[in-house]
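One structure below.
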Amino acid sequence: MFGQTTVGANGISSANSRMFRYEVVGLRQNEENDKNSYDIRRSGSVFMTVPYNRMNEEMQRITRMGGRIIKIEPLTSETEN
221 MFGQTTVGAN GISSANSRMF RYEVVGLRQN EENDKNSYDI RRSGSVFMTV PYNRMNEEMQ
281 RITRMGGRII KIEPLTSETE N
């Protein structure tokens, strides 16, 4: 597929190493995130770093917590520093 490469017998894929940053607003405390060891702030943006292979799962989790993703940006070596 486009953007995914496999190298060697172990199948090291560049898709698995890609990371994205979500900017999320509107998270609220509920039974889904009561499992966390910390409370959710009601105001402001929350930034989450998500690997490429978990993007869909994380989007669903954010929706269940009442959040809304307002921005997704890829993390590159320039933005990680």
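Residue numbers for the sequence shown follow the numbering used here, beginning at 221 and rising by one. Don't be surprised by glycine CBs; every beta carbon is placed ideally from N, CA and C.
For residue i and residue j, I'd like the C-alpha separation in whole angstroms.
| i | j | result |
| --- | --- | --- |
| residue 274 | residue 289 | 15 angstroms |
| residue 294 | residue 266 | 16 angstroms |
| residue 285 | residue 248 | 6 angstroms |
| residue 287 | residue 276 | 14 angstroms |
| residue 264 | residue 291 | 14 angstroms |
| residue 278 | residue 269 | 10 angstroms |
With a cut-off of 8 angstroms on the beta carbons, I'd call residue i and residue j a contact; round off their distance for me.
| i | j | result |
| --- | --- | --- |
| residue 272 | residue 238 | 4 angstroms |
| residue 245 | residue 282 | Residue 245 to residue 282, Cβ: 10 angstroms. No contact. |
So the beta strand (DSSP E) residue i belongs to, where does it begin and stop?
| i | result |
| --- | --- |
| residue 241 | 239-245 |
Contiguous beta strand (DSSP E) assignments of at least 3 residues, all confined to the stretch 263-288: Counting only runs that start and end inside the stretch 263-288, the beta strand (DSSP E) elements of at least 3 residues fall at 266-271.
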